[in-house]
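*Asks:* Positions in the sequence shown are counted from 1; adding 1 to them yields the numbering used here. Quick reminder that beta carbons are idealized off the backbone N, C-alpha and C, glycines included. The structure under discussion is supplied below as structure tokens; questions concerning it will follow.
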Amino acid sequence: MTEIPESVRTALDGLRALGGDGLVRQMAGVFIEHSAGRVAALREALESGDAQGAAEAAHTLKGSSRQLGLTVLADACLAVELATKQGDIAGAQAHVAAVHDSYTAATEVLREATA
Numbered sequence: 002m003t004e005i006p007e008s009v010r011t012a013l014d015g016l017r018a019l020g021g022d023g024l025v026r027q028m029a030g031v032f033i034e035h036s037a038g039r040v041a042a043l044r045e046a047l048e049s050g051d052a053q054g055a056a057e058a059a060h061t062l063k064g065s066s067r068q069l070g071l072t073v074l075a076d077a078c079l080a081v082e083l084a085t086k087q088g089d090i091a092g093a094q095a096h097v098a099a100v101h102d103s104y105t106a107a108t109e110v111l112r113e114a115t116a
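Laid out in structure tokens, this is it:
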């Protein structure tokens with residue numbers, strides 16, 4: 002069983018207050034479905050040297066992560082975003098593994114929290 006961080010519990014409780022369990026499941030499902038593509042887009046942008054594309058992908062993933070209380074993932078995305086905005090592709094690439102690992106953990110947490 003995956004431990005659900007307090008930040009995720011708080012975020013999901015807020016969504017639940019707005020729209021019930023259906024909204025929570027919907028938001029978690031959308032995140033899981035679309036975020037894999039954002040992580041892939043981030044990697045591809047960095048591999049091709051596209052700092053702007055990487056910054057945009059990291060920014061989008063950061064925002065959706067924060068909405069769901071996935072602070073570790075959001076922080077990893079912020080590190081990538083800041084590095085790319087400074088034109089530091091190598092620095093951004095150093096954080097990609099953390100983004101990927103955090104994303105994998107985040108999807109497990111969301112699946113557990115919405116089961």
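Which value, in whole angstroms, describes the spacing of the CA atoms of residue 71 and residue 35?
*Replies:* Here the question's residue 71 lines up with position 70 in the sequence shown. Here the question's residue 35 lines up with position 34 in the sequence shown. Going from the Cα of residue 71 to the Cα of residue 35 covers about 15 angstroms.
*Asks:* Under 9 angstroms, do residue 66 and residue 55 count as touching if we go by C-beta distance?
*Replies:* Here residue 66 corresponds to residue number 65 of the sequence shown, with the count starting at 1. Here residue 55 corresponds to residue number 54 of the sequence shown, with the count starting at 1. No, they are not a contact pair.
*Asks:* Indicate the three-state DSSP secondary structure (helix, strand or coil) for residue 62 in the structure shown.
*Replies:* Numbered from 1 along the sequence shown, position 61 holds the residue referred to as residue 62. Residue state, collapsed to three classes: helix.
*Asks:* Return the CA-CA distance between residue 45 and residue 5, expressed in angstroms with no decimal places.
*Replies:* As a working note, residue 45 is residue 44 in the sequence shown. As a working note, residue 5 is residue 4 in the sequence shown. Spanning the two alpha carbons is a distance of roughly 30 angstroms.
*Asks:* Would you please state the rounded distance, in angstroms, between the beta carbons of residue 43 and residue 18? I believe it to be under 8 angstroms.
*Replies:* Residue numbering aside, residue 43 sits at position 42 when the sequence shown is read from its first letter. Residue numbering aside, residue 18 sits at position 17 when the sequence shown is read from its first letter. That belief does not hold up - the Cβ atoms of residue 43 and residue 18 are roughly 32 angstroms apart, past 8 angstroms.
*Asks:* Counting only runs that start and end within the region 13 to 93, where is the alpha helix (DSSP H) found for 4 or more residues in a row?
*Replies:* Listed in chain order, the complete alpha helix (DSSP H) runs (minimum 4 residues) inside the region 13 to 93 are 52 to 68, 72 to 86.
*Asks:* Under a three-way DSSP split, which group does residue 3 fall into?
*Replies:* Translated into the one-based positions of the sequence shown, residue 3 becomes position 2. Here residue 3 sits in coil by DSSP.
*Asks:* Kindly indicate which three-state DSSP category residue 115 falls into: helix, strand or coil?
*Replies:* Reading the sequence shown from its first residue, position 114 is the one you call residue 115. DSSP places residue 115 in coil when its eight states are reduced to three.
*Asks:* Does residue 103 pass the burial test, meaning 16 or more other C-beta atoms within 10 Å, or should it be called exposed?
*Replies:* Here residue 103 refers to the residue found at position 102 of the sequence shown. That one is buried.
*Asks:* Hey, out of 52, 68, 21, whose CA is closest to residue 88's CA?
*Replies:* For the purposes of this step, residue 88 is identified with residue 87 of the sequence shown, where counting begins at 1. Comparing Cα-Cα distances from residue 88 to each of 52, 68, 21, the minimum goes to 52.
*Asks:* State the Cα-Cα distance for the pair residue 93 and residue 105, rounded to the nearest angstrom.
*Replies:* Indexing the sequence shown from 1 puts residue 93 at position 92. Indexing the sequence shown from 1 puts residue 105 at position 104. Taking the straight line joining both Cα atoms gives about 19 angstroms.
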